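Residue numbers (my numbering), protein chains in the order written: chain W, 20 to 344; chain P, 70 to 518; chain D, 56 to 353.
All C-beta atoms, glycine included, are put in the ideal place defined by N, C-alpha and C.
These numbers were taken from a predicted model, which means no experiment stands behind them.
Before any comments, here is the structure.
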Amino acid sequence: MSRDLAAERARARRRAAWKRRGLVLGFMSPWLAGFTVFFGYPLLATAYYSFTHYDLLSSPRWVGLANYEYLFETDGRIWPSVANTLWLIAVAVPLNVLFAFGIALMLSRARRGVGFFRTVFYLPALVPPVAATLGFVYLLNPATGPVNIVLRALGLPDPLWFDSPTWSKPSLVLLGIWGVGNMMIIFLAAIVDVPRQLYESASLDGAGPLRRLRYVTLPSISPVILFAVVIGVIEGLQYFTQAYVASTIAGGSAAAATEGANSLGYPGDSTLFYPILLYQQGFRYFNMGYASAMAMLLLVVSFVVTALIVRNSRRWVHYQGAPAR
Amino acid sequence: MRRAMAISIAVLATLALGACGGGDDSSKDTANQGSPSSGGGEPVDLTFWTGFTQRELKVIKKVVGEFESAHPNIHVKVVGGIDDDKIIASIRGGNAPDVAHSFTSDNTGAFCPSGAWIDLAPYMQRDGISDDIFPEAPRNYTQFEGKRCALPMLADVYGLYYNQAMFDKAGLSGPPKTMSELMEYAKKLTVRNSDGSLKVVGIDPMDGFYENAAAHWGPSWGADWIDESGKSSFASDPGWAEMLQWQKELIDFYGHEDLVRWQAAAGDEFSPSNAFEREKAAMNLDGEWRVAFINDETPDLEYGTAPMPVDDDQPDLYGSGYTTGNIVGIPKTSEDQDEAWELLKYLTTDDHALAALANGILNVPTTKTSLESDELDLDPKFRVFLDIFAHPETRTTPITVAGSANQEIFDAFVTKYQSGKVDDLQGGLAEADEQVDAQLANAGGGDVP
Amino acid sequence: MTTAATPLAAAAAPVARRRPPRPVRRRRALMAIAEHSLLIAAAIAFLAPLVFIALTSLMTDDQALSPDLWPHPAQWDNFAEVFRQAPLARYALNTFIYAGLATVFMLVSSIPVAYALARLRWRGRHAVFLIVLVAMMLPPQVTVVPVYVMWAKLHLVGSLWPLILPNLLGDAFSIFLLRQFFLTIPEEYLDAARVDGCGELRILTTVVVRLAKPAIAAVGLFMFLYCFNDFFGPLLYTGESPEHWTVAVGLAQFRTLYQVHWNLTMAATLLVIAPVIVLFFLAQRVFVEGVTLTGVKG
């Protein structure tokens with residue numbers, strides 16, 4: 020008698036379990052489909068292309084490891100492009116985080132006009148990247164741009180900005196800092212969320228503003244800093260639009276139309292970032308197989324770098340009672 | 070910030086200074102001169118994509134209209150403002166035109182071997198057209214490794230434009246013929262503002278400015294891109310090193326930074342604020358089309374045209390220059406290939422059509438017979454370019470499988486050298502050779518050398 | 056966020072009420088002034104580009120290239136000229152269709168997924184969440200070409216559908232955000248509903264959605280903005296069909312073959328930014344809360 024009951028219950032439980040799985044599958048189905056179609060399949064396809072010669076006009080032709088050999092051993096432009104991307108990450112990410120945090124900090128302590136200031140700093144982040152880049156190329160024109168006009172009027176040196184190999188990347192960094200509004204708001208919310216008591220007990224312990232910053236504020240918002248750094252690095256690894264727009268506008272004249280010669284990386288390969296080179300190989304040189312190999316490398320590096328950052332972060336990131344994950 | 074990770078590969082990077090129309094050139098129907106289908110064949114609709122816009126587009130449309138009256142059953146829709154990216158994308162996307170026109174021959178090496186543009190040899194044979202009705206250079210840049218998938222339609226030729234008024238004022242007679250003369254004139258004609266910045270530049274040799282590219286200046290020293298074995302020859306051909314040193318000397322005379330500043334204030338090449346047209350540059354290397362632009366925009370300008378000066382040690386080169394051209398072909402996805410061929414044949418081999426195009430757009434017509442045509446009604450300043458085109462030493466860039474990779478790689482090196490960042494010129498040239506060879510090998514799908 | 060309740064706080068309260076001594080007050084005042092000045096300086100630096108863009112949009116083409124900083128006379132007509140040169144209204148319509156549909160599709164598909172990841176119990180949900188994160192990290196270059204080829208075979212290239220339809224299958228970033236928010240919904244609410252006999256779907260649509268309104272609003276807003284600013288997506292798929300261009304593409308193509316009219320380009324830029332700015336002022340709250348959701352709960 021009881022065995023039947025137990026069996027009955029077991030069956031009911033299994034039915035429930037299946038029902039639950041069905042439910043979950045149902046809820047997850049959009050993502051599952053999307054994942055397969057837009058992630059899984061393209062990833063596999065690109066991996067496949069990386070072993071082929073593919074000019075996008077005819078079918079891919081298997082070439083084995085030739086692309087990877089070229090990538091790792093012979094292509095003389097890979098290393099400069101990697102260096103450029105690394106430089107950008109090493110410079111832009113800290114600066115962006117610094118500015119976002121710094122402005123947020125000041126905003127959190129300001130008494131008046133917080134709403135106004137917050138709007139001012141956030142607005143530039145709303146500008147479409149293409150428009151923002153065009154704007155900056157115009158503003159930083161070495162001869163007629165307003166920035167240099169003002170600099171000259173003040174007797175300060177007026178660099179060549181986007182037309183100089185030394186200043187082209189810093190110009191892009193400036194453009195990036197201008198758009199730091201999103202990150203700034205996140206920092207602001209996090210800073211404001213730090214419990215007052217922590218500050219009070221710290222100051223009672225004799226900590227001045229600097230030490231409070233170092234021992235209360237920074238640790239408390241460290242998850243946000245981590246987030247900003249990871250996002251910044253990922254964006255840096257994929258940096259394309261702004262460099263593309265800036266180098267073609269600043270470097271080319273409409274002559275590019277007649278000759279097809281592009282000025283990507285202008286001036287002198289200083290803005291040739293890894294994604295730009297990838298694009299050039301795949302879409303200008305009809306070398307999509309090689310570009311796919313480059314893309315695979317980029318993928319691996321993205322994972323590794325992110326994993327490294329996250330792992331390293333355990334040392335300095337403090338989660339306050341993180342909710343159950 | 071979210072998704073500031075932009076989707077970065079644009080098949081159509083028409084943001085680039087690639088020929089992107091301001092949206093005003095997508096087709097209207099061409100001027101249909103005859104009444105529809107007065108006989109012969111089923112009516113066929115062709116699409117013809119071209120890079121021309123505005124004034125030049127009107128000329129094309131007129132010529133196409135004449136084709137339509139000769140073939141009443143064929144109706145052609147002309148779309149302007151097209152660049153190679155669009156053509157390639159359309160072939161992939163399956164909505165390519167029936168006839169495509171490109172401003173550059175750089176991508177022939179991709180169109181032909183892949184079959185993206187169909188092989189024209191069968192049609193040519195059927196209609197008895199041999200490819201030596203074209204001069205050598207255009208014949209070469211419309212085919213790759215024996216496969217001919219395009220025909221030339223109008224060519225571009227480069228020469229020297231000089232401001233006659235400034236010459237007179239400085240007491241200079243006639244255009245310079247050697248590179249040392251050019252250097253001397255350039256220095257003499259340069260004018261500075263009171264604050265030391267450049268006001269008028271003799272001639273700007275900086276790579277990337279307007280039409281300056283290694284390919285266009287190289288012919289003055291007879292420099293070749295590849296040697297007999299097909300390998301890149303930047304280091305082995307002495308012309309390149311001489312060109313670079315000559316250019317650097319002049320740039321250093323102006324001051325590299327000062328020149329960049331002057332360039333930044335120079336107007337867009339194809340705008341009415343063009344530096345030569347606005348008399349900010351005393352001389353300029355430019356293509357034959359500039360004559361039409363000047364006539365249109367600054368007809369009062371006193372100027373002259375001449376072949377580019379040449380290396381003092383190679384006076385026989387004088388009169389030659391650089392040429393490249395527009396090419397026309399039939400994408401493989403066209404469903405009306407026979408009719409498309411008729412249009413293509415008309416545009417590229419009919420002397421009358423070529424003369425009309427040449428007269429209207431002031432580009433160089435590309436068949437030997439059209440060069441002699443009586444119909445050519447040309448400004449004497451333009452005739453200079455016809456002569457350059459016909460000169461046996463006139464050069465063009467080799468077609469590669471990787472589009473313009475060789476040019477871009479080399480031009481990047483030239484820019485670096487001109488800004489003073491290269492200490493070892495010969496070593497740098499050799500490196501550029503290696504890069505180009507490796508790139509072409511890889512892009513060709515072979516093993517890395 | 057936790058609140059650290061320290062016994063010291065209570066004892067400290069009366070102390071904090073007394074006015075601090077003069078030197079401390081002065082130092083604090085000086086610091087406040089210094090910070091405010093810094094803030095003002097930074098604000099000027101951040102506003103300056105926009106101001107210059109606005110000034111340039113009122114210049115003539117020649118003036119835009121000259122050293123003049125102030126337009127005279129102001130060419131208000133430039134804005135009308137932009138509309139004459141480019142059918143901005145058409146582009147705006149396209150953009151709204153694209154952004155609107157994409158947002159709706161995204162919400163419909165992503166909310167269930169996020170809910171399943173956050174609140175349903177099943178084996179492997181943690182692993183799947185990691186995979187969602189990984190998908191966010193994916194460089195777009197890796198997937199663009201095969202996906203493009205796929206759409207080309209379906210003959211949908213030339214329209215905006217390749218950009219709209221994928222949202223029916225969820226969007227990694229939105230799923231991530233929503234999941235983070237759903238995690239903060241107390242289990243009690245859901246259990247109460249379950250006890251009442253509601254199936255999970257009912258729970259989702261009645262309880263959860265109502266509670267998550269701010270998050271949903273934020274996610275929807277972000278998606279809308281993203282589509283509005285999206286450049287390469289529309290360029291890739293509609294580049295050859297000007298009648299389908301969005302505002303972003305139209306702005307970039309605003310230059311003619313021959314030259315950039317900087318004054319008109321800047322005017323067009325302003326016109327493009329304007330609706331976004333208006334939207335921001337109207338929905339500031341949603342913006343700020345939404346942006347907060349991305350980072351702080353992570």
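A Cβ-Cβ contact shorter than 7 Å links P166(P) with W118(P).
A distance below 7 Å between beta-carbons, with the five flanking residues on each side excluded, links T236(W) to the following residues of its chain, in chain order: I210, V213. Residues of chain D with a Cβ closer than 9 Å to the Cβ of R161(P) are, in chain order, Y203, V204, A207, V212. Neighbours of S77(W) in chain P, taken as residues whose beta carbon is under 9 Å from its own, are P182, S183, G184, A185 in chain order. The C-beta of N331(W) has fewer than 16 other C-beta atoms within 10 Å across all chains shown, which makes the residue exposed. Judged by DSSP in its simplified three-state form, M114(D) adopts coil rather than helix or strand.
Y309(W) and G301(W) have their C-alpha atoms roughly 7 Å apart.
Under the three-state reduction of DSSP output, L115(P) falls in the strand class. DSSP places T320(D) in the uninterrupted alpha helix (DSSP H) bounded by 317-337.
Excluding residues up to 5 positions away in sequence, P79, M307, G308 lie with their Cβ nearer than 6 Å to the Cβ of Y73(W) in the same chain.
Counting C-beta pairs with one atom in each stretch, the region 357-364 of chain P and the region 256-271 of chain P have fewer than three that are closer than 8 Å, which means they do not touch.
Taking 7 Å as the threshold, the shortest C-beta distance from K485(P) to chain W falls below it. Taking the C-beta atoms as reference points, Y153(D) is found nearer than 7 Å to T301(D).
By the Cβ criterion, the region 179-198 of chain W is in contact with the region 147-166 of chain W, since at least three pairs of Cβ atoms, one from each stretch, lie closer than 8 Å. Less than 7 Å divides the Cβ of P126(D) from the Cβ of L113(D). Assignment of beta-bridge partners to W331(P) by DSSP yields no partner. From the beta-carbon of G287(W), the residues of chain P found nearer than 8 Å are A481, T484, K485, S488, K490. Contact with chain P is found for S282(W), since one of that chain's Cβ atoms lies less than 7 Å from the residue's Cβ. Our two residues, D443(P) and L413(P), have alpha carbons roughly 23 Å apart in a direct line.
For R330(P), the neighbours in chain W by C-beta distance under 8 Å run, in chain order, P161, A162, L179. Against chain W, the CB of V262(D) has no partner CB under 7 Å away; the residue lies outside that interface. Proximity of Q257(W) to chain D, defined by a Cβ-Cβ separation below 7 Å, is satisfied. Between P165(W) and chain D, the shortest Cβ-Cβ separation is below 7 Å. CA-to-CA, the gap between G184(P) and A224(P) works out to about 24 Å.
In this structure, the straight-line span from the alpha carbon of D456(P) to that of Q314(P) is close to 29 Å. In the three-state scheme derived from DSSP, where H, G and I count as helix and E and B as strand, M222(P) is classed as strand. The DSSP assignment places 148-158, 165-172 as complete runs of the alpha helix (DSSP H) inside the region 141-177 of chain W, in order along the chain (cut-off: 4 residues).
Only P294, Y298, G301, F302, R303, Y304, F305, N306, Y309 from the region 291-311 of chain W bring a Cβ to less than 7 Å from some Cβ of chain P. Scanning its chain for C-beta atoms nearer than 6 Å, with the 5 sequence neighbours on each side dropped, one finds around D446(P) the residues N428, in chain order. N353(P): member of the beta strand (DSSP E) spanning 352-356, first to last residue. If you ignore the 5 residues before and after F121(P), its C-beta comes within less than 6 Å of the C-beta of I129, G149, all in its own chain and listed in chain order. Straight through space, the alpha carbons of Y323(P) and P274(P) are spaced by roughly 11 Å. Using beta-carbon distances, T138(W) does not count as an interface residue toward chain P, since no partner is under 7 Å. Under the DSSP definition of a beta bridge, Y391(P) partners with R464(P).
Contact residues of the region 106-128 of chain W toward chain D are I122, M125, L126, R128 (C-beta to C-beta distance below 8 Å). Contact annotation for G95(W) against chain P: E500, E503, Q504, A507 [CB-CB distance below 8 Å, chain order].
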